[in-house]
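K.L.:
There are 2 protein chains.
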Amino acid sequence: MFDNFINYLQSKITLTREDIAMVESVCRLKKLRRRQYLLQEGDVWHYNAFVSKGLVRTYRVDDKGVEHIFQFSPENWWAGDRHSYLYGDPAKFNIEALEDSEIILIAKGDFENLLEAIPGYNTFQRNLLERSFVVLQHRIHMGNSYTAEEKYNEFIKAYPNIINRIPQHMIASFVGVSPETLSRIRNNATKK
Amino acid sequence: MFDNFINYLQSKITLTREDIAMVESVCRLKKLRRRQYLLQEGDVWHYNAFVSKGLVRTYRVDDKGVEHIFQFSPENWWAGDRHSYLYGDPAKFNIEALEDSEIILIAKGDFENLLEAIPGYNTFQRNLLERSFVVLQHRIHMGNSYTAEEKYNEFIKAYPNIINRIPQHMIASFVGVSPETLSRIRNNATKK
DNA sequence: AAAAACTATTGATCTATATCAACAAAATTC
DNA sequence: GAATTTTGTTGATATAGATCAATAGTTTTT
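Going down the list, the sequences are from chains A and B. Counting in this note's numbering, the first sequence runs from 1298 upward without gaps. Counting in this note's numbering, the second sequence runs from 1298 upward without gaps.
(1) Could you tell me the distance, in whole angstroms, from the CA atom of Glu1294(A) to the CA atom of Val1348(A)?
(2) Straight-line CA distance for Thr1311(B) to Ile1303(B)?
(3) Per DSSP, which residues does Glu1364(A) bridge with? Please list them.
(4) Near Tyr1305(A), which residues of its chain fall below 6 Å by C-beta distance, leaving aside the five closest residues on each side in sequence?
(5) Looking at the structure shown, is Tyr1305(A) part of a helix, part of a strand, or coil, going by DSSP?
(6) Classify Arg1354(A) as buried or exposed, calling it buried when 16 or more other Cβ atoms lie within 10 Å of its own Cβ.
(7) Listed in chain order, which residues of the stretch 1352–1363 of chain B have Cβ atoms closer than 9 Å to some Cβ of chain A?
(8) Identify whether Tyr1334(B) lies in helix, strand or coil by the three-state DSSP scheme.
(9) My output table needs one value for Glu1427(A): the three-state DSSP class, helix, strand or coil.
(10) Taking CB distances under 9 Å as the criterion, tell me whether Leu1412(A) reaches chain B.
(11) Should Glu1315(A) be labelled buried (16 or more other beta-carbon atoms within 10 Å of its own) or exposed?
(12) Using CA coordinates, which residue listed in Asp1340(A), Glu1364(A), Gln1333(A), Leu1479(A) is at the minimum distance from Glu1399(A)?
(13) Which word fits Asn1458(B), buried or exposed, when buried means at least 16 other C-beta atoms lie within 10 angstroms of its C-beta?
(14) Quick check on DSSP: helix, strand or coil for Asn1345(A)?
(15) What are the boundary residues of the alpha helix (DSSP H) that includes Ile1468(A)?
(16) Skipping 5 residues on each side, what residues in its chain have a beta carbon closer than 6 Å to that of Lys1489(B)?
(17) For the structure I just gave you, are there three or more beta carbon pairs, one from the stretch 1445–1453 of chain A and one from the stretch 1441–1449 of chain B, closer than 8 Å?
(18) Say whether chain A places a C-beta atom closer than 9 Å to the C-beta of Ile1341(B).
(19) Less than 8 Å between C-beta atoms, sequence neighbours within five positions excluded: which residues of the same chain meet that for Asn1391(A)?
(20) Are the Cβ atoms of Leu1402(B) and Asn1485(B) separated by less than 9 Å?
(21) What are the start and end residues of the beta strand (DSSP E) that includes Leu1326(B)?
(22) According to DSSP, simplified to helix, strand and coil, what is Lys1350(B)?
(23) Can you grab the Cα-Cα spacing for the pair Lys1328(B) / Asp1378(A), in whole Å?
(24) Go through its chain and collect everything with a Cβ distance to Phe1367(A)'s Cβ below 7 Å, but skip five positions before and after it.
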């Protein structure tokens, strides 16, 4: 039931039988149909969510009602609203399944116990955050200095394996470009 | 000599006398004159740098030769190139002192030892990264949905204490707006 | 204290990209 | 399988903000 997640963990850190039992004891499986929400704006988020199957998007709606996708999470990635998780505030993000999905939920307190109890997990988690930091940093830099076309090219370079599972206008939203502009970019690119 | 840093640490985690001795044994003080570089593009960064006095900026130069400031680090903040640190690649960032500064350097290996050796430090460091993540996330969202004026207002709200130590065109660079536009924004704001 | 470098302002012009709008193909739902 | 929704394209137009350029005050350097 939680095999995907256990395999993921074992590829990152060493687990004893007891560790595995402990992890499994705090996991909860949540199945989502396409278009179903894992989190809606306004609710408080206190889970760590591992996508074991499917694909999920995390997005936010701005003052003008426009959606801005922050992240796509396919299998073996995480999803969540880190701000709400950290500060207990109502979420500004929505998380919605783009495909029928299976999500493993671990409650905040349980997850923190795992980090302390399993040797190396705290360090691995810190490392994961460091790498995320670098990715976000680069996205900020792209936002300030790349053209729309460059941003799109960077996206397909960074996520080649999921592009055909995501509608084009959502890629536009992720990279911060209007859907029309992205359509024109792709059109020009094929002409060359 | 490292008092500022020890005080900072003690405000976050509990330190024994031995812990303090261990920390001090791996600290190195580096004094910077205004305009002096702590890191230059192309060099590899393998420190954790705590600003104990002064102010430092971390910036990157894009393909067109334009500077983009990623971060200002005043007293009691950190500075560094996390990408270079993590992957050992030549830095894309420059770190330059905006004022005469004192920086405490801890080499990568030493720092990792501290995280393991001092109870709670690993967890505190993870928490620090989580909060940074949230900040960067918000900057990405602003980049995609705020006007130039809103971005500037957000900056003065977030960093009210350092605005008068930073030239206006550098604030413009940080928020991702041209210096002329920022000048006009401020002008309009005062008219109201 | 003169020269040089840095900083901020203001005006004129340009441009990348957004917005508005209409249409059609594809996918999904009933 | 008809109706509805989603998705992508293309054209016309608008606009926020960039760029270019000139000026001047301020700070730093020599």
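Backbone N, C-alpha and C fix where the C-beta goes; we use that ideal spot for every residue, glycine too. These figures come from a predicted structure and were not determined experimentally.
P.N.:
According to the structure data:
(1) Residue 1294(A) lies beyond the residue range present for chain A, which begins at 1298 and ends at 1489; the question has no answer from this structure.
(2) Spanning the alpha carbons of Thr1311(B) and Ile1303(B) requires a straight line of approximately 11 Å.
(3) Beta-bridge pairing links Glu1364(A) to Val1358(A).
(4) Asn1373
(5) helix
(6) buried
(7) Arg1357, Asp1359, Asp1360, Lys1361, Val1363
(8) Reduced to three states, the DSSP call for Tyr1334(B) is strand.
(9) helix
(10) yes
(11) exposed
(12) Gln1333(A)
(13) Asn1458(B) sits exposed, since fewer than 16 C-beta atoms from the chains shown fall within 10 Å of its C-beta.
(14) strand
(15) 1465–1472
(16) Its pLDDT being 45, under 50, Lys1489(B) is placed unreliably in this model, and the coordinates cannot settle the point.
(17) no
(18) In the sequence as displayed, the identity of residue 1341(B) is Val instead of Ile. No - not a single Cβ of chain A is within 9 Å of the one on Val1341(B).
(19) Tyr1334, Leu1336, Gln1337, Glu1338, Thr1355, Tyr1356, Arg1357, Val1358
(20) no
(21) Segment 1325–1329, the beta strand (DSSP E) holding Leu1326(B).
(22) strand
(23) 40 Å
(24) Thr1355, Tyr1356, Arg1357, Phe1390
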